[in-house]
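Chemist: Please find one structure pasted underneath; my questions will follow.
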Amino acid sequence: MGWTSADEAGRLRHVAGAVRLEPVDEQNLEPLLSVAAAEAEPDDVMPPVEAPAGWSLARREAFREFHRASFGGLDGPTGSQMYAILVGGEVVGMIRMTRCDEPGTVETGMWLGRSARGQGIGPVALRELLNAAARAGMRAVMAETTPDNIGAVSVLEKCGAKLRENDGRVHAEICLDSTPPAF
Ligand SMILES: CC(C)(COP(=O)(O)OP(=O)(O)OC[C@H]1O[C@@H](n2cnc3c(N)ncnc32)[C@H](O)[C@@H]1OP(=O)(O)O)[C@@H](O)C(=O)NCCC(=O)NCCS
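What follows is the structure, given as structure tokens:
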């Protein structure tokens, strides 16, 4: 696990000012779907659905419904708050937090369009998400990924996650009391 190096911190500071989270709503849902369809795999951005392969009309509609189901946020029926990630005003991906059974704990997941990856946007978006979780009274943010997802593991490490590998999965926990200072 490592805090960010000086070079990395400089790069992230540059990106940080341009990144903003906006709750997913009817206005940014179509831009979000456009990015997903053009620059991401369905499996990276939504649960599996019975539909023709690729970004078929049925899968696009399921994507809309999946996000609309969480318009109620943390206290709504899914217990999930989804945010569009914007860079310079353009939607580039999504990050969410979902209540866990344990009080004060949420689980997070995120994706970026291919052209937005590898530029340090993920760690900034996660940092913003941690701030939002803390404001909502949360104490810990959990995440799960696979050991081969180098991008996801790297982002979690950069945000101070404690990582544990078990049964071919990586379990991450970020304690909000010990979040490192902003870039
Ligand atoms: C995981 C993800 C959100 C990371 O965000 P990001 O903004 O790309 O993160 P960073 O820019 O800090 O890069 C993280 C690592 O990704 C790798 N990477 C670099 N360029 C990349 C690219 N073009 N595409 C994918 N990964 C890249 C590098 O290993 C980098 O690590 P390093 O900075 O320590 O060298 C993003 O890659 C993504 O959306 N992936 C697909 C969806 C997914 O896997 N989500 C997580 C599910 S648990």
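Note that our numbering has the sequence shown beginning at 179, numbered continuously upward. For each residue, glycine too, the CB sits at the ideal point set by N, CA and C.
#1: Do residue 329 and residue 291 count as a contact pair if the criterion is CB distance below 9 Å?
#2: From this set, 302, 351, 252, 334, which residue's C-alpha is nearest residue 313's C-alpha?
#3: Reducing DSSP to helix, strand and coil, say where residue 297 ends up.
#4: I'd like to confirm something about residue 258: is its beta-carbon nearer than 8 Å to some heavy atom of ligand 3, or not?
#5: Grab the span of the alpha helix (DSSP H) containing residue 216 for me, first residue to last.
#6: Which whole-angstrom value is the C-beta distance of residue 213 and residue 271, which I expect to be below 8 Å?
#7: For residue 331 and residue 289, which I take to be in contact (beta-carbon distance under 8 Å), what is that distance rounded to the nearest angstrom?
#8: First and last residue of the alpha helix (DSSP H) that includes residue 238?
#9: When you measure from the CB of residue 226 to every non-hydrogen atom of ligand 1, does any distance come out below 8 Å?
#10: Beta-carbon within less than 7 Å of residue 334's beta-carbon, same chain only, minus the 5 sequence neighbours each way: which residues are those?
#11: What's the gap between the Cα of residue 347 and the Cα of residue 249?
#12: Closer than 9 Å, CB to CB, is residue 229 near chain B or not?
#13: Going along the chain, which residues of its own chain have a beta-carbon closer than 6 Å to the beta-carbon of residue 269, five neighbours each way excluded?
#14: Please list, in chain order, all residues of the same chain as residue 238 whose beta carbon is under 8 Å from its beta carbon, the five residues on each side excluded.
Modeler: This is what the structure gives:
#1: In the sequence shown, counting from the first residue as 1, residue 291 sits at position 113. In the sequence shown, counting from the first residue as 1, residue 329 sits at position 151. No, Cβ-Cβ distance for residue 291 and residue 329 is not below 9 Å.
#2: As a position in the sequence shown, residue 313 is number 135, starting the count at 1. Looking at the Cα atoms, 252 is the closest of the given residues.
#3: Here residue 297 refers to the residue found at position 119 of the sequence shown. Three-state DSSP puts residue 297 in coil, outside helix and strand.
#4: You won't find ligand 3 in this model; what it holds is ligand 1.
#5: Here residue 216 refers to the residue found at position 38 of the sequence shown. Counting along the chain, the alpha helix (DSSP H) containing residue 216 begins and ends at 204–217.
#6: Position 35 of the sequence shown, counting from 1, holds the residue named residue 213. Position 93 of the sequence shown, counting from 1, holds the residue named residue 271. Yes, they are in contact, since the Cβ atoms of residue 213 and residue 271 sit about 7 Å apart, within 8 Å.
#7: Position 153 of the sequence shown, counted from the first residue, corresponds to residue 331. Position 111 of the sequence shown, counted from the first residue, corresponds to residue 289. Incorrect: roughly 15 Å between the Cβ atoms, too far for contact.
#8: Reading the sequence shown from its first residue, position 60 is the one you call residue 238. Here the alpha helix (DSSP H) through residue 238 covers 235–246.
#9: In the sequence shown, counting from the first residue as 1, residue 226 sits at position 48. False, no ligand heavy atom lies under 8 Å from that Cβ.
#10: Here residue 334 corresponds to residue number 156 of the sequence shown, with the count starting at 1. 321, 341, 350.
#11: Locating residue 347 in the sequence shown gives position 169, where the first residue counts as 1. Locating residue 249 in the sequence shown gives position 71, where the first residue counts as 1. In a straight line, the C-alpha of residue 347 is about 29 Å away from that of residue 249.
#12: No chain B appears in the structure shown, which is made up of a single protein chain.
#13: Mapped onto the sequence shown, residue 269 falls at position 91. Counting only Cβ-Cβ distances below 6 Å, and skipping sequence neighbours, we find 206, 209, 210, 213, 262.
#14: Counting from 1 along the sequence shown, the entry for residue 238 is found at position 60. Only 211, 215 meet the Cβ criterion.
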